[in-house]
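For reference, the structure is listed below as structure tokens.
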Ligand SMILES: [Fe+2]
Ligand SMILES: [Fe+2]
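In this note's numbering, the protein residues as written are 20 to 212.
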């Protein structure tokens with residue numbers, strides 16, 4: 020990927036996100052690229068997926084409704100009720116139609132970065148973990164996760180899913196069925212695609 024192409028993506032993204040969200044996205048992009056090099060994933064795909072993973076995070080309610088109508092987006096009932104989850108599938112649509120990203124692997128890494136799924140690809144795991152380890156993140160357990168993300172992506176991914184489950188249970192939130200399937204897959208030794 021050429022430098023000017025990366026710059027264009029960054030500029031377009033910075034226009035559509037609040038400052039903190041944009042800085043988080045740069046952090047996830049950097050972490051994704053680092054892990055791609057470490058674990059043998061495609062560097063450019065990791066760059067784009069990491070950078071754009073939250074591209075639909077700062078949409079207003081009206082913009083979200085318009086987007087769903089315009090692209091005839093189908094969301095499962097749990098995602099529809101859950102605004103913090105919705106920006107991931109919507110992000111995949113925005114990345115495709117507004118940033119011109121056609122690569123299915125990149126779009127899936129954006130689509131599943133909040134709830135995960137059974138059989139995550141290496142790129143999907145990288146973006147999922149990077150979202151929780153980028154330098155601005157600070158929560159109990161982040162150091163353990165950062166350490167694992169430097170050694171073993173499967174171990175890091177398992178810790179990340181576990182953290183997310185515990186966090187949601189402690190908050191009294193519902194757990195998306197995809198996350199439960201992802202966890203069961205990990206327990207059964209599924210290494211993903
Ligand atoms: Fe997100
Ligand atoms: Fe994020």
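Glycine residues also receive a C-beta, built at the ideal position from the N, C-alpha and C atoms.
So residue i and residue j are supposed to be a Cβ contact under 8 Å. How far apart are they, rounded?
{"i": "residue 141", "j": "residue 58", "result": "6 Å"}
{"i": "residue 112", "j": "residue 86", "result": "7 Å"}
{"i": "residue 186", "j": "residue 129", "result": "21 Å between Cβ atoms; not a contact."}
{"i": "residue 126", "j": "residue 70", "result": "Contact doesn't hold; Cβ gap of about 13 Å is too wide."}
{"i": "residue 180", "j": "residue 198", "result": "7 Å"}
For the alpha helix (DSSP H) that residue i lies in, which residues bound it at each end?
{"i": "residue 79", "result": "No alpha helix (DSSP H) holds residue 79; DSSP gives it neither H nor E."}
{"i": "residue 92", "result": "No alpha helix (DSSP H) contains residue 92, which DSSP labels as neither H nor E."}
{"i": "residue 14", "result": "Nothing can be reported for residue 14: it is not among the residues displayed for the chain, which extend from 20 to 212."}
{"i": "residue 186", "result": "172-190"}
{"i": "residue 193", "result": "Segment: none, residue 193 is in no alpha helix (DSSP H) and carries neither H nor E."}
{"i": "residue 61", "result": "Where residue 61 is concerned, there is no enclosing alpha helix (DSSP H), given that its DSSP letter is neither H nor E."}
{"i": "residue 109", "result": "102-117"}
{"i": "residue 166", "result": "161-167"}
{"i": "residue 29", "result": "22-35"}
Return the residue from the list the options that minimises the CA-CA distance to residue i.
{"i": "residue 172", "options": "28, 149 and 118", "result": "149"}
{"i": "residue 155", "options": "35, 25, 42 and 21", "result": "42"}
{"i": "residue 147", "options": "21, 47 and 30", "result": "47"}
{"i": "residue 203", "options": "166, 189 and 176", "result": "176"}
{"i": "residue 24", "options": "34, 40 and 63", "result": "63"}
{"i": "residue 159", "options": "74, 139, 178 and 208", "result": "178"}
{"i": "residue 143", "options": "201, 35 and 103", "result": "201"}
{"i": "residue 108", "options": "96, 120 and 92", "result": "92"}
{"i": "residue 90", "options": "102, 116, 105 and 103", "result": "116"}
Any heavy atom of ligand 3 inside 8 Å of the beta-carbon of residue i?
{"i": "residue 72", "result": "Among the ligands present in this structure, namely ligand 1 and ligand 2, ligand 3 is not found."}
ask   = Is it true that the region 80-89 meets the region 46-57, where meeting means three or more beta-carbon pairs spaced less than 8 Å apart?
value = no
message = Closer than 8 Å is the cut-off here; do at least three beta carbon pairs connect the region 127-135 with the region 193-205?
response = yes
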